[in-house]
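Chains as they are written, first to last, in our numbering: chain A, 1 to 290; chain B, 1001 to 1444. I have placed the structure first, in the form of structure tokens, so that the comments after it can refer back to it.
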Amino acid sequence: MDWSRAKVILILAFSLLNIFLGVLTYSNNQRYYERWAVPTAAEVRNLENQLKTLGVTMAGTWPLRAAPLPFLLVKASPVPADEVARKVFGLNVPGIKQPNGEKIYSDGQQTLLVTEAGIIRYHREGPAKPAGGKAPEKGQVKTEAETVLQRRGLLPGARLDYIHQDEERGRTTVRYSQVYEGLEIFSSEAWFEFSANGLEEYRERWLVPLGFTGEKRLLVSPVVALARLLQRPDVFPGDDKVIESITVGYYSAIYDARQWEATPVWRVRFKSGKSLYLNAYTGEPEKETP
Amino acid sequence: MRFRTATATSLLLAFLVFLSLFQTARLWYFSPYLSSGPAGDYDLKVEKPGIDLEECLRPLAIIAHLEGSQHLEFRPGDPGYDLLWQEALAHLPREDFLTRVSYGEVKQIRQSGPAVEYILPVRLSWRQYRQAWGLEPAGGAEESPAIDRFLLRLSRPTGVYFVDNLQADAHFFEKALLSAEILGQLPKGAGRAVVELPTQFKGISLADGLFVPAGPVLLSGLALAPARMNFEQEARLFFVDPSLARKVEERDGAVFYTDGVGGLRLYPQGDLEYTLPQPAGSSLRLTAALEKAVAFLKSHGGPPEGVLVKEIRPDPNGSGEKTGRTEIALIFLREGLPLLGERFPLELEISEGGVTRFTRIWRFIAGPTPNKRTVFSAESLLSRVAQEEGEARRQIPRLSNIYLAYYLPRLGAPASYLRPVWVLETPTGGRYIYDAWTGAPLGR
């Protein structure tokens, strides 16, 4: 057998095979990445024009894409209901009602609800501040909110999301969200509403991140997701015409479960404070929350 | 020089071989379009991959009426059942029936024999049955009188009685059939002796043609094997891209998957609930809805052995409004008896776009429990029901059916075995369930 001749034939055969495999890999990747390609400036302009026809403008800058992300495993944060009640009501903790596993404390002036899924809701009873009253100053509200967070022990991992003054209602709202490994968990929040009389309402749901899980997947560009969403203009909140920011983070409903996976989302936040959450894998809207 | 060239070509060849292996492996394991996911220990394999509509709509029971008021019952899987069923399929007319006859004629034939009565699982039009059984092409008109039974008359004049037992209505189609010889071809000792219940029993009104076991019946329970669910594997069947489905581990051991649109809850026992919201669209033809249901079951774990359609509810919200949705409930048989509880083991809601809701109550059945016990006879049970309901001053509605079954627990509820029960059905779909060993009510 002429070994050198055989080698030449094998080299040619394997070269052809490698070229074939290389082309196959390339075309596969092209198909895969096309869905997540960075949009061109023309595509962004096109989207902005489409938004304009709906009367929607983009006040911030367009984030074009983010690094691939996996799911985030989370669980509900256990809330010691009686301890929270003592902090709210002091020594005179009122009797509780327990419908559906929830604990409701009320002394007629303040009501506190704590669920098994770790959700806290507090509101002060009584007539609302008359319209036109002055909304509390942002700096003052921030200090008061941070005091509450400090007492709750939520400050590590909490990041100020926004402060919004509603002069018409005489209220100022402030929202803190949770940050894990540099990414916001939008489902975790501590939300306050203050009037000139002090804290009127407080909502808290705070998750415990357990770590990333599953494979990292490429994220669909928010430009592509929003362009797709424009096919369903009803999804846009009627009175929200200014997009303030689009950021990537994690989102999930709150479940009364042992643990669950939160999905990466693009949060489209409007100037009014309302947000749209777009699944960053599929571009489909997840949920609209205040 | 020659040595160096030889070494270089060898190295080049080795490199090319390595490169081709690497590229193949990369394509195989990392291509987003080729990944198939891990295989696992998985129990819910497709039991009946070739199942079709005919199988889902075959008779729930066949009663051979012999001369001298003797009746033998055959259930799917019993020796003799297939012979009688294939005989019927071969001789059933392909046309609509025209001659209405008195229902009393059917009652008389039941008693005098020889005849074979086929109790169908659900009330449908004769055309719908013809299309489902492949006796005429699907897609044509579906309207014709409804039937829930038919009866082959084996004495002259031979022919087929099409019976709407619920409405006590009957039509006769005269046709040459095999004679009573077919009964002689049944395997020796095949069939269970049954007797017909009277239409009035201690104040309880019963439909005609209800047959119950003739003598004492010994029944065991069904022992359950430990569940071996592979949640990941099961979830793969329900999502186009399972990697997009996130997992919620619930406190009771159930796992919920959602991709933001569809939702799937899997219970460790094998039960599941699935929803995929879709626009209702226009109303489906009944056979089209049934075909969609069967196709869905085949591609989502496979229907269990012995599956039968039990109820079909077009536009199920009860207001008469066209919702574009059809609800289909299926049962399956084990040890010759259907499995059901307060809900049916398989329930689907179908719209034009496909299945929008699916629940499955499934248990891994190991086999009969070791000890057999005598069950209440139908007459004893009815006496007890009449007495208890009478004492409670409750009106007992007319019963359209009474049969033995195995009791399935509620969705996701634990159970160590399945007990035999008596199921009493009303014409409106109501069900009263009684423990067949003790006669105690279990649910309604």
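The beta-carbon is built from N, C-alpha and C at its ideal position, and this holds for glycine as well.
Subject >> First through last residue of the beta strand (DSSP E) which encompasses A:S188 >> reply: To locate residue 188 of chain A, count along the first sequence from 1; it is residue 188. A:S188 -> beta strand (DSSP E) spans 183-195.
Original post:
Do we get a CB-CB distance below 8 Å when we pair A:Y250 with the residues of chain B?
Top reply: Taking the first residue of the first sequence as 1, we reach residue 250 of chain A at position 250. Not an interface residue.
**OP:** Could you tell me whether any Cβ in chain A is nearer than 8 Å to the Cβ of B:A1293?
**Re:** By 1-based counting over the second sequence, the position of residue 1293 of chain B is 293. Judged by the 8 Å Cβ criterion, B:A1293 is not in contact with chain A.
Original post:
How far does the beta strand (DSSP E) with A:K103 in it reach, from first residue to last?
Top reply: Position 103 of the first sequence, counted from the first residue, corresponds to residue 103 of chain A. Its beta strand (DSSP E) spans residues 103-106.
Original post:
First and last residue of the alpha helix (DSSP H) that includes A:R152?
Top reply: Counting from 1 along the first sequence, the entry for residue 152 of chain A is found at position 152. Here the alpha helix (DSSP H) through A:R152 covers 138-152.
Subject >> Residue of B:R1313, B:W1362, B:R1192, B:I1147 minimising C-alpha distance to B:I1331 >> reply: On the second sequence, residue 1331 of chain B is found 331 positions in, with the first residue counted as 1. For the residues B:R1313, B:W1362, B:R1192, B:I1147, the minimum Cα distance to B:I1331 belongs to B:W1362.
Subject >> B:L1297: first and last residue of the uninterrupted alpha helix (DSSP H) it sits in >> reply: Residue mapping note: residue 1297 of chain B aligns to position 297 of the second sequence, counting from 1. Note, B:L1297: alpha helix (DSSP H), 1286-1299.
Original post:
Given B:I1433, which residues of its chain have a CB within under 6 Å of its CB, disregarding the five upstream and five downstream residues?
Top reply: Here residue 1433 of chain B corresponds to residue number 433 of the second sequence, with the count starting at 1. In its chain, beyond the 5 residues on either side, V1421, V1423, L1442, G1443 have a beta carbon closer than 6 Å to the beta carbon of B:I1433.
**OP:** Measure the C-alpha to C-alpha separation of B:E1067 and B:S1112 and round it to an integer number of angstroms.
**Re:** For the purposes of this step, residue 1067 of chain B is taken as residue 67 along the second sequence, with counting starting at 1. For the purposes of this step, residue 1112 of chain B is taken as residue 112 along the second sequence, with counting starting at 1. Distance between the alpha carbons of B:E1067 and B:S1112 is about 6 Å.
**OP:** Give me the Cβ distance between B:S1243 and A:R217, rounded to the nearest whole Å; I'm assuming they're in contact under 8 Å.
**Re:** Locating residue 1243 of chain B in the second sequence gives position 243, where the first residue counts as 1. Locating residue 217 of chain A in the first sequence gives position 217, where the first residue counts as 1. Indeed, because the Cβ distance is near 7 Å, the residues count as touching under 8 Å.
**OP:** Could you spell out where the alpha helix (DSSP H) holding A:N49 opens and where it closes?
**Re:** Looking up residue 49 of chain A in the first sequence gives position 49. Start and end: 41-53.
Original post:
Does DSSP put A:P209 in a helix, in a strand, or in coil?
Top reply: Residue 209 of chain A sits at position 209 when you count from the first residue of the first sequence. Strand.
Original post:
Hey, does A:N279 have any beta-carbon neighbour from chain B nearer than 8 Å?
Top reply: Position 279 of the first sequence holds residue 279 of chain A. Closer than 8 Å: yes.
Original post:
Does the count of Cβ pairs from the region 243-262 of chain A and the region 110-125 of chain A closer than 8 Å reach three?
Top reply: yes
Original post:
Can you give the beta carbon distance from B:L1339 to B:L1408, rounded, assuming they're within the 8 Å contact cut?
Top reply: The count along the second sequence starts at 1 and reaches residue 1339 of chain B at position 339. The count along the second sequence starts at 1 and reaches residue 1408 of chain B at position 408. Taking C-beta atoms under 8 Å as the contact rule, B:L1339 and B:L1408 qualify, at a distance of about 5 Å.
**OP:** Determine the chain A residues that contact B:E1250 at a beta-carbon separation under 7 Å, and present them in chain order.
**Re:** Numbered from its first residue, the second sequence carries residue 1250 of chain B at position 250. Result: A257, R258.
Subject >> Per DSSP, the bridge partner or partners of B:H1091 >> reply: As a position in the second sequence, residue 1091 of chain B is number 91, starting the count at 1. Note: B:H1091 sits in no beta bridge, so no partner.
Original post:
What is the DSSP secondary structure of A:G198, reduced to helix, strand or coil?
Top reply: Counting from one through the first sequence, the residue named residue 198 of chain A turns up at place 198. Three-state DSSP puts A:G198 in a strand.
Subject >> Anticipated Cβ contact below 8 Å, A:F14 with B:L1016, distance rounded >> reply: As a working note, residue 14 of chain A is residue 14 in the first sequence. As a working note, residue 1016 of chain B is residue 16 in the second sequence. Confirmed, Cβ separation roughly 4 Å.
Subject >> Segment contact flag, the region 1210-1223 of chain B with the region 1362-1373 of chain B, C-beta cutoff 8 Å, min 3 pairs >> reply: yes
Original post:
Is B:F1364 helix, strand or coil by DSSP?
Top reply: For this step, residue 1364 of chain B is matched to residue 364 along the second sequence. Coil.
Original post:
Does DSSP put B:S1125 in a helix, in a strand, or in coil?
Top reply: For this step, residue 1125 of chain B is matched to residue 125 along the second sequence. B:S1125 falls in the strand class under three-state DSSP.
**OP:** Compute the Euclidean distance between the alpha carbons of A:P336 and A:K87, then round it to the nearest angstrom.
**Re:** Residue numbering for chain A in the displayed model covers 1 to 290; residue 336 of chain A lies beyond these limits and cannot be assessed.
Original post:
When DSSP labels each residue in this structure, what does A:N100 get in the three-state scheme?
Top reply: Looking up residue 100 of chain A in the first sequence gives position 100. Three-state DSSP puts A:N100 in a helix.
Subject >> Length of the line joining the Cα atoms of B:G1040 and B:A1227 >> reply: Sequence index remark: in the second sequence, residue 1040 of chain B carries index 40 (1-based). Sequence index remark: in the second sequence, residue 1227 of chain B carries index 227 (1-based). Reliability of the predicted coordinates at B:G1040 is poor, the pLDDT of 33 falling under 50, and no value is obtained from them.
**OP:** Using a cut-off of 9 Å between C-beta atoms, extract the partners of B:P1006 located in chain A.
**Re:** What you label residue 1006 of chain B is simply residue 6 of the second sequence in a count that begins at 1. Residue identity check: residue 1006 of chain B is Ala in the sequence provided, not Pro. Residues of chain A whose Cβ lies closer than 9 Å to the Cβ of B:A1006 are, in chain order, W3, S4, K7.
Subject >> Short CB-CB distance (under 8 Å) between B:R1127 and chain A >> reply: One-based indexing of the second sequence puts residue 1127 of chain B at position 127. Not an interface residue.
Subject >> Cβ pair count under 8 Å reaching 3, the region 163-178 of chain A against the region 187-207 of chain A >> reply: yes
Original post:
Could you give the C-beta distance for A:V208 and A:S106, rounded to a whole number, given that I count them as a contact under 8 Å?
Top reply: One-based indexing of the first sequence puts residue 208 of chain A at position 208. One-based indexing of the first sequence puts residue 106 of chain A at position 106. Not quite, the Cβ-Cβ distance comes to about 28 Å (not below 8 Å), so this is no contact.
**OP:** Can you give me the Cβ contacts of B:A1193 inside the same chain, cut-off strictly under 6 Å, excluding the 5 residues immediately before and after it?
**Re:** One-based indexing of the second sequence puts residue 1193 of chain B at position 193. So the qualifying residues of the chain are A1214.
Original post:
For the region 7-21 of chain A, which residues have a beta carbon sitting closer than 8 Å to at least one beta carbon of chain B?
Top reply: If the cut-off is 8 Å between Cβ atoms, the region 7-21 of chain A has K7, V8, L10, I11, F14, S15, L17, N18, L21 near chain B.
**OP:** Could you give the DSSP three-state label for A:W62: helix, strand or coil?
**Re:** Residue numbering aside, residue 62 of chain A sits at position 62 when the first sequence is read from its first letter. Three-state result, A:W62: coil.
Original post:
Does any CB atom of chain B fall closer than 8 Å to the CB of A:E181?
Top reply: Residue numbering aside, residue 181 of chain A sits at position 181 when the first sequence is read from its first letter. Cβ-Cβ to chain B under 8 Å: no for A:E181.
**OP:** Return the residue from the list A:L24, A:L17, A:G133, A:Q50 that minimises the CA-CA distance to A:K228.
**Re:** Counted from its first residue, the first sequence places residue 228 of chain A at position 228. Sequence check: residue 228 of chain A is Arg here, not Lys. Ranking A:L24, A:L17, A:G133, A:Q50 by Cα distance to A:R228 puts A:Q50 first.
Original post:
Is it buried or exposed for B:Q1128, if we count other Cβ within 10 angstroms and need 16 for buried?
Top reply: Here residue 1128 of chain B refers to the residue found at position 128 of the second sequence. Buried, by the Cβ-count rule.
**OP:** Name the two residues that bound the continuous alpha helix (DSSP H) containing B:Q1111.
**Re:** For the purposes of this step, residue 1111 of chain B is taken as the residue at position 111 of the second sequence. Unbroken alpha helix (DSSP H) run through B:Q1111: 1103-1112.
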